[in-house]
Amino acid sequence: MFGYFYFDWTVLLILPALIISVWAQVKVSSTYSKYSKVMTSKGVCGSDAARAILDANGLHYVKIERVRGHLTDHFDPKANVIRLSDSVYDSYSTAAVGVAAHEAGHAVQYAQDYSPIKLRAAIIPATRYGSMLAMPLFFIGMIMATPALMYLGIILYSAVAIFQLVTLPVEFNASARALKALSSSYTLSEDELKGAKKVLSAAAMTYVAALLTSLLTLLRLLLLAGGRSNRR
Numbered sequence: 208m209f210g211y212f213y214f215d216w217t218v219l220l221i222l223p224a225l226i227i228s229v230w231a232q233v234k235v236s237s238t239y240s241k242y243s244k245v246m247t248s249k250g251v252c253g254s255d256a257a258r259a260i261l262d263a264n265g266l267h268y269v270k271i272e273r274v275r276g277h278l279t280d281h282f283d284p285k286a287n288v289i290r291l292s293d294s295v296y297d298s299y300s301t302a303a304v305g306v307a308a309h310e311a312g313h314a315v316q317y318a319q320d321y322s323p324i325k326l327r328a329a330i331i332p333a334t335r336y337g338s339m340l341a342m343p344l345f346f347i348g349m350i351m352a353t354p355a356l357m358y359l360g361i362i363l364y365s366a367v368a369i370f371q372l373v374t375l376p377v378e379f380n381a382s383a384r385a386l387k388a389l390s391s392s393y394t395l396s397e398d399e400l401k402g403a404k405k406v407l408s409a410a411a412m413t414y415v416a417a418l419l420t421s422l423l424t425l426l427r428l429l430l431l432a433g434g435r436s437n438r439r
């Protein structure tokens with residue numbers, strides 16, 4: 208029985224996604240490392256760039272804080288705070304400026320009621336419970352031969368896939384806003400802008416990989432549930 212759970216052919220479905228996920232993480236690290244050595248010609252650091260974009264959009268109330276870690280940058284909409292990691296906050300590299308501008312892009316999305324980011328925020332609770340309960344319920348359903356539990360697990364996991372799907376336009380749009388702002392304000396030169404774009408494009412691939420992983424995992428669960436039902 209346990210061999211069926213862990214060594215069935217459906218495991219092969221998620222291997223491509225795992226490979227792409229690893230590649231995406233390596234790509235992000237290598238690209239960021241490369242452009243973290245390219246300094247901005249105008250002497251603008253990450254926090255400066257984020258502040259300029261916020262102020263240009265009337266978001267003077269949004270604070271910028273330093274947070275520990277490497278690439279732990281994020282925007283907290285509840286606190287109206289952009290938190291920039293140690294490697295971004297006061298770094299004058301084109302990579303840091305690109306990442307900081309991206310987070311400012313998220314703040315602008317919230318301020319302008321950008322629909323996808325509002326939708327993503329709304330389904331976060333369902334995603335949180337879905338990610339915690341989906342797999343346990345599914346495999347308990349398999350062990351107990353209870354299709355209802357298996358499909359309940361699948362429904363809960365679907366929330367994770369939907370979250371990843373909604374995340375894509377949110378992240379791509381934030382990057383587009385960031386690059387447009389950096390270009391229109393002449394914060395970065397044309398060559399520096401290309402470097403920032405490569406960093407943000409590499410980061411976007413991690414979200415593509417996450418979506419692919421969730422979709423293939425969902426397909427695997429459906430196949431397992433269907434196969435289990437056919438053997439009854």
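Numbered by my numbering, the letters in the sequence shown go through residues 208 to 439 in order. Every residue gets a Cβ at the ideal spot worked out from N, C-alpha and C, and that includes glycine. Remember, predicted model here, so these are calculated numbers, not experimental data.
Between I330 and I369, the beta carbon gap of about 6 Å places them in contact (Cβ cut-off 8 Å). K270 is bridged by DSSP to V288. By the neighbour-count criterion, in which a residue is buried when 16 or more other Cβ atoms sit within 10 angstroms of its Cβ, V229 is exposed. Counting every other CB atom within 10 Å of its CB across the protein chains shown gives Y268 a total below 16, marking it as exposed.
For D283, the enclosing beta strand (DSSP E) has its first and last residue at 281–283.
Between A231 and A416, the CB-CB gap stays under 9 Å. Taking a C-beta distance under 9 Å as the contact criterion, S292 and S243 do not qualify as a contact pair.
A distance below 7 Å between beta-carbons, with the five flanking residues on each side excluded, links H309 to the following residues of its chain, in chain order: A381, S382, A385, L407.
Pairing A256 with T394 gives a Cβ-Cβ distance under 9 Å. Under the three-state reduction of DSSP output, M246 falls in the strand class.
Counting along the chain, the unbroken alpha helix (DSSP H) around L326 starts and ends at 322–350. S421 counts as buried, since no fewer than 16 other beta carbons sit within 10 angstroms of its beta carbon. Counting only the Cα atoms, A263 lies some 12 Å from A314.
Residue pairing of S300 in beta bridges, as defined by DSSP: M246. Our two residues, R273 and L425, have alpha carbons roughly 37 Å apart in a direct line. Here DSSP, grouped into helix, strand and coil, assigns G434 to helix.
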